[in-house]
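Enquirer:
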Amino acid sequence: MTKIPFQAESQRLLEMMIHSIYSHREIFLRELISNSSDAIDKRYYKTLGDSNLSFDKDSFYIKVTPDKEARTLTILDTGIGMTREELESNLGVIAQSGSLTFKREHATQDDHDLIGQFGVGFYSAFMVADEVTVVSRAMGSDSAYQWESSGVDGYTITSADKDAVGTEITLKIKSNTDDENYDEFLEEYRLQSLIKKYSDFIRYPIKMEMTQHRRKEDAEDEYEEYREEQTINSMVPIWRKNKNELTDEDYASFYMEKHYGFDKPLTHQHISVDGAVRYNAILYIPEKMPFDYYTKEYEKGLELYSNGVLIMGKCADLLPDYFSFVKGLVDSEDLSLNISREILQHDKQLRLIAKNIKTKIGNQLQQLLKSDRAKYETFYEAFGRQVKYGVYSDYGTNKEALQDLLLFYSSTQKALATLDEYVTRMPDDQKYIYYAAGESVGRIEKMPQTELVADKGYEILYFTDDIDEFAIKMLMNYKDKEFKSVSSSDLGLDADEREEQNEQQTEEYAELFAEMKTLLGDKVKEVRVSKRLKNHPVCLSADGDLTIEMEKVLRAMPNSQNVAAQKVLEINTQHPVIHSLKAAFADDKEKLTLYTSLLYNQALLIEGLPIEDPVDFTNGICKIMV
Ligand code: ADP
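Residue 1388 is where the sequence shown starts when you use the working numbering, and the numbers rise one by one after that.
1) Is it a yes or a no for the segment 1583-1596 touching the segment 1554-1572, going by three-plus beta-carbon pairs under 8 Å?
2) Does the ligand ADP have a heavy atom nearer than 6 Å to the CB of Phe1509?
3) List the endpoints of the continuous beta strand (DSSP E) containing Val1451.
4) Report yes or no: do the segment 1942-1954 and the segment 1970-1986 share at least 3 C-beta pairs separated by less than 8 Å?
5) Going by the CB atoms, is the gap between Ile1859 and Phe1870 shorter than 7 Å?
6) Report the three-state DSSP secondary structure of Pro1945 (helix, strand or coil).
7) If you draw a straight line from the C-alpha of Tyr1542 to the C-alpha of Gly1479, how long is it?
8) Is it right to say Val2002 is buried, meaning 16 or more other beta carbons lie within 10 angstroms of its own, or is it exposed?
9) Using 10 angstroms around the beta-carbon of Tyr1613, count the other beta-carbons present and answer buried if the total reaches 16, otherwise exposed.
10) Measuring CA to CA, which of Asp1529, Thr1851, Lys1833 is closest to Leu1803?
11) Within 10 Å of its beta-carbon, does Ile2011 have 16 or more other beta-carbons around it, so buried, or fewer, so exposed?
12) Taking the Cβ atom as the reference point for each residue, do Met1595 and Ile1619 lie within a distance shorter than 7 Å?
13) Return the first residue and the last residue of the beta strand (DSSP E) that Val1955 is part of.
14) For the alpha helix (DSSP H) containing Glu1838, name the first residue and the last one.
15) Hey, is Thr1554 close to the ligand ADP, as in C-beta under 6 Å from one of its heavy atoms?
16) Provide the residue span of the alpha helix (DSSP H) that contains Pro2001, from first to last.
17) Less than 7 Å between the C-beta atoms of Leu1806 and Tyr1865, yes or no?
18) Gly1527 and Thr1465: beta carbons closer than 7 Å?
19) Could you tell me which of Arg1915, Leu1968, Glu1936, Glu1938 sits nearest to Leu1956, measuring between CA atoms?
20) For Ile2049 versus Phe1447, is the C-beta distance shorter than 7 Å?
21) Taking 6 Å as the cut-off, is the C-beta of Met1813 nearer than that to any heavy atom in the ligand ADP?
22) With 16 as the cutoff for other CB atoms within 10 Å, does Arg1601 come out buried or exposed?
23) Rounded to whole angstroms, how far is the Cβ of Lys1954 from the Cβ of Ile1935, which I believe are closer than 8 Å?
24) For Asp1498, which three-state DSSP category applies?
25) With C-beta atoms as the reference, is Tyr1532 less than 7 Å away from Leu1474?
26) Hey, is Asp1464 close to the ligand ADP, as in C-beta under 6 Å from one of its heavy atoms?
27) Is the number of C-beta pairs between the segment 1925-1935 and the segment 1971-1983 that are closer than 8 Å three or more?
28) If we count the other Cβ atoms within 10 Å of its Cβ and call it buried at 16 or more, is Ile1544 buried or exposed?
29) Please report the straight-line C-alpha distance between Gly1836 and Leu1794, rounded to a whole angstrom.
30) Since Asn1864 sits in a beta bridge, which residues does DSSP pair it with?
31) Check whether the Cβ of Ala1426 sits closer than 6 Å to any heavy atom of the ligand ADP, and report yes or no.
32) Taking Cβ to Cβ, would you say Arg1577 is nearer than 7 Å to Lys1549?
33) Excluding five sequence neighbours on each side, which residues of the same chain lie with their C-beta closer than 7 Å to the C-beta of Thr1893?
34) Phe1678 and Val1515 - do their beta-carbons sit closer together than 7 Å?
35) Enumerate in chain order the residues of its own chain whose CB-to-CB distance from Gly1879 is below 8 Å, with the five nearest sequence positions on each side excluded.
36) For the alpha helix (DSSP H) containing Phe1972, list its first residue and its last residue.
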């Protein structure tokens, strides 16, 4: 029979499997059992939802059978089974597999480790077998089919006989080599320990015939062997277990077993609530941002179980968008099994659970921030943006709950600071929480606008994320202290002798600056004496609510209206350029036009804004050079 070739992607993965390193191979069993368990979940759920179908709970199981003589290992399940088409699309291609998408993007250096840690589903069978046969009969079908493959050269699908609905996978275990032992995957005790290690919590019995010994009748000290089918796993789902009996490692391996992520969990919480609504949940905060987190492919949600039966793989309604990075599951006996997805959305119980979970996640993060700052900062690096987004979204509904989770880089601490830390450090005479927005810490550090505030000895928070300023505008104030951008026209600093001087100067330069404003036209709202500059000759600031940083963000968005901040060109009258300006104003209008344009463009550059006509700008510089 001609073989159907695997798709290129599948072929690559298969090759990786075949050449994977030895120590990782044992996870194939976990992967196959987990697929079986999913398949039984699907059948169980369908059966429960259809009153015409009766069922016997004992008929759902997984059975593992080694055969040393034939060198085969069989994994049988009474799950939903696969039709011919499903065999073809599920096992012939791995297009949809999340694992593979991940591999496509990240593979190269450490394929081996990825396989070891996470497995990649069905194909892992080829790590221990040189031939795999799948016989399956789908629920509701009379016919069965056989899928067979011995690796990279493709597979065949033929008709087969199978009495019961479900799937039977037979692995032809590889022969031992000089330095590799495959026999162990045919040993009862080895298999038993693998099942215990990786699949103990599977809710359906994993059965295996085990060799037992008993005393011979009528004979002392003589024993005989007999075989007995045993259920190997404890079947208690981890979320139903007592927290005290579980270790961090148990939670971490459950995370991997469930393929929640390709990283390790940073932290977890195990919740049992027994009040107005009853549920158990295990929630994880991943260590790293998933590679597809900011793509359309990423789906948020928690697994949803109703009294131990999986009813939805990713229930999005359980998580607010800003906590979309949280992984895990919820099991509640208060949810009806036959509930449809549409009704579920409006289910009162579910909404209560979701609200409860939202609070629990917030509290957990708060706790983490208090108890393990370094770990929290790892979290913040990956998902801090989400916290800010949470402050900003839903018109600020959640801002109070989230504000203490915010961290910003502090000019004085040279490290991340919470708003509370900032406010606690504020000297008595400081009225506002100052911030400076820019592309990076390095860039903000050089911003002329920060000079005066910094000079006063005040701490400045650096906003380097697009969303920062928007979130802070939503927050408006923290502990009654308003936020103030170092670029805002009024810095709210106490009047001092500078202020008086300033007034005098405003008068003194009124005509010059009015002329410069005329030269610049609509580009600026005003040219003004700067109250904040010390060493730099110019800077831009903004009047009104829209800052220059916000203008940049908004303009970068698709279909942005032509939003523009009301820009003010500030001139440092202590700087020697003022003399040149005065002189030009007095007797060389052409020079004044040139200087004004150069200063304005410099201010744009410092602000990180594009200059309108770079050629004109450089020509201008050349003009003064010659
Ligand atoms: P994944 O489990 O990540 O989807 P796999 O390669 O392990 O990837 O499996 C591919 C698909 O094949 C599964 O999603 C499932 O639809 C189907 N499948 C695998 N094993 C079984 C099984 N024992 N019974 C029914 N369907 C199965």
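All C-beta atoms in this analysis are idealised placements derived from N, C-alpha and C, irrespective of residue type, glycine included.
Nothing here was measured: the structure is a model prediction, and the numbers come from that model.
Expert: Short version:
1) no
2) yes
3) 1449-1454
4) The segment 1942-1954 is not in contact with the segment 1970-1986.
5) yes
6) It is coil, neither helix nor strand.
7) Rounded to the nearest whole angstrom, the CA to CA distance from Tyr1542 to Gly1479 is 8 Å.
8) It is exposed - the Cβ of Val2002 has fewer than 16 other Cβ atoms within 10 Å.
9) exposed
10) Looking at the Cα atoms, Thr1851 is the closest of the given residues.
11) exposed
12) With contacts defined as CB atoms closer than 7 Å, Met1595 and Ile1619 qualify as a contacting pair.
13) 1953-1958
14) 1838-1842
15) yes
16) 2001-2012
17) yes
18) no
19) When each option's Cα is compared against that of Leu1956, the closest is Arg1915.
20) The chain is shown from 1388 up to 2013; residue 2049 falls before or after that span and cannot be answered.
21) no
22) exposed
23) With 8 Å as the limit, Lys1954 and Ile1935 qualify as a contact, their Cβ atoms being about 7 Å apart.
24) Per-residue confidence for Asp1498 stands at a pLDDT of 48, beneath the threshold of 50, marking its modelled position as unreliable; the derived number appears in the next sentence. Reduced to three states, the DSSP call for Asp1498 is helix.
25) yes
26) yes
27) no
28) buried
29) The amino acid at residue 1836 is misidentified as Gly; the sequence shows Gln. Those two C-alpha atoms are separated by around 22 Å.
30) Glu1869
31) yes
32) No, they are not a contact pair.
33) Answer for Thr1893: Val1916, listed in chain order.
34) The beta carbons of Val1515 and Phe1678 sit no closer together than 7 Å.
35) Lys1818, Tyr1819, Lys1871
36) 1964-1974
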